[in-house]
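Residue numbers (the numbering used here), protein chains in the order written: chain A, 7 to 259; chain B, 7 to 259.
By construction, the Cβ of each residue, glycine as well, lies at the ideal position given by its N, Cα and C atoms.
Only one structure is covered here, and it is reproduced in the block below.
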């Protein structure tokens, strides 16, 4: 891919919001899900931040990231309780009001009515949407996310977040899709490092990484090549296999 | 805890370094581990960032975070391959050289010798340590991490990272330890929101959160109170249980 094409490729950042992520109570799995969707759509995920439920931190992070990247995806903080302050912070970051959104309210009311849930003030807080934002569907529990300019605000519960992201994918610009190939072997990183370095030098448009790990108690080194040109990746994979064999290593299939 | 005590409590940020975290290939589990250790030691983890293997991004993130927090913990990028550039970036951020460290080199040589591994140039790159840094032990695979001023540089492989962190815990200032109590019930967030808000208003030094989830297919709402005063947490937990019962909810034990 040329540098021009890459410079036109949309970029993104993820903002994971919630004290529970910084206390270790909750293990985030949303970042990896969003990352894979971005690769498949040709959006470059450039960074992620994990921040607490502190309004000033959320607002400044939003403003920094939305100015820097094509898209920002937030997770967490859109429920009915006192620590759900993401909508308030997005409204503040954009300098707009946070009124009850009629369509959001009617979706909630229909959901509550069908389940015999009392539509109290706290539950209806979930209908507050920054002025000018469009709703993001929540097929799981009705309370919508929203899109404000280039910021997409999703729930933190993975099942809901995933449905919300999938529903907005058609709204995202698409760049060259990122592909990857993996060749796994039993060699140590130090054995292949020199060959990898040379391979990386010869293929500057491919991102080559090596990741040691274990599979069923057996050491396994995964050599991963990522890039937008599948033919080049296949060539790199072939060179990786050749390298492993020439070093006396075993390839895992 | 008084505000004075809290203002003297050490703070920290985590910098998770690696393209594999932003592609979704690798699911990070280091953040949650570090978070729990910080709570137990009385260090406040304020934020985490996930960034790619790009020198300028690593250097600027390091400089921003080390100026802002008492401690910065990095994970990833200290192996022998071309994409292992964390030591280079720390040296650049601090404006120091990156020589081979005699003690690091002798630890590596002993490890290699015992395993009949050839000490090639790539493997010895792992002995490059920023000038002025102290070593952090690696009981798993010898190649050390290091501490440079208030920045701790750890491996990305969880087992090694965990051993490295545990070995430096005695070096960290200790503040008031963060405790937590959890009361789980079958009520929805909207049912308890009003009572939680009032409880939070009455206990500003306690951080109250509510986290919906499932356990063995049964809906479960976890109400979590965090703070440094165990007696206050116990009182809050008692009030939470009373609230749940008065709303007709069931408490899970």
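Residue 119(B) has its alpha-carbon roughly 42 Å from the corresponding atom of residue 32(A). Within the region 81–98 of chain A, the residues whose Cβ lies closer than 7 Å to some Cβ of chain B are 85, 86, 87, 88 and 89, listed in chain order. Residue contact with chain B for residue 138(A): absent (no Cβ-Cβ distance below 9 Å to any residue of chain B).
For residue 230(A), the C-beta contacts it makes with chain B under 8 Å involve 26 and 31, in order along the chain. With fewer than 16 other Cβ atoms from the protein chains shown falling within 10 Å of its own Cβ, residue 61(B) counts as exposed. In the structure shown, residue 47(A) adopts helical secondary structure according to DSSP, grouped into three states.
Contact residues of the region 41–58 of chain A toward chain B are 41, 42, 45, 51, 52, 53, 54, 55, 56, 57 and 58 (C-beta to C-beta distance below 8 Å). Of the candidates 254(B), 20(B) and 82(B), 20(B) places its Cα closest to the Cα of residue 72(B).
Of the other Cβ atoms in all chains shown, fewer than 16 fall within 10 Å of the Cβ of residue 35(B); this residue is therefore exposed. Nearest C-alpha to residue 156(A) among 88(A), 99(A), 238(A) and 90(A): 99(A). Cβ-Cβ separation between residue 81(A) and residue 50(A): approximately 19 Å, too far for a contact (criterion under 8 Å). Annotation: the continuous alpha helix (DSSP H) that includes residue 240(B) extends over 236–252. Of all alpha-carbon atoms in 145(B), 214(B), 162(B) and 87(B), the one lying nearest the alpha-carbon of residue 127(B) is that of 87(B). Listed in chain order, the positions of the region 185–202 of chain B with a beta carbon within less than 9 Å of a beta carbon of chain A are 186, 188, 194, 195, 196, 197, 198, 199, 200 and 202. Inclusion of residue 105(A) and residue 114(A) in the CB contact set at 9 Å is not warranted, their separation being larger than that value. Within chain A, no C-beta atom comes nearer than 8 Å to that of residue 64(B); the closest sits roughly 11 Å away. The beta-carbon separation of residue 146(A) and residue 169(A), rounded to 6 Å, stays under the 8 Å limit for a contact. Per DSSP, residue 231(A) is one residue of the beta strand (DSSP E) stretching across 224–233.
Residue contact check for residue 216(A) against chain B: a CB pair falls below 9 Å. In the DSSP annotation of this structure, residue 205(B) is not part of any beta strand (DSSP E); the continuous alpha helix (DSSP H) holding it starts and ends at 195–208.
Closest in alpha carbon position to residue 182(A), among 163(A), 162(A), 211(A) and 191(A), is 211(A). Annotation: Cβ neighbours of residue 39(B) in chain A (cutoff 9 Å, chain order): 30. For residue 163(B), the neighbours in chain A by C-beta distance under 8 Å run, in chain order, 218 and 219. Annotation for residue 77(A): no alpha helix (DSSP H) segment contains it, though the beta strand (DSSP E) segment containing it runs 77–81.
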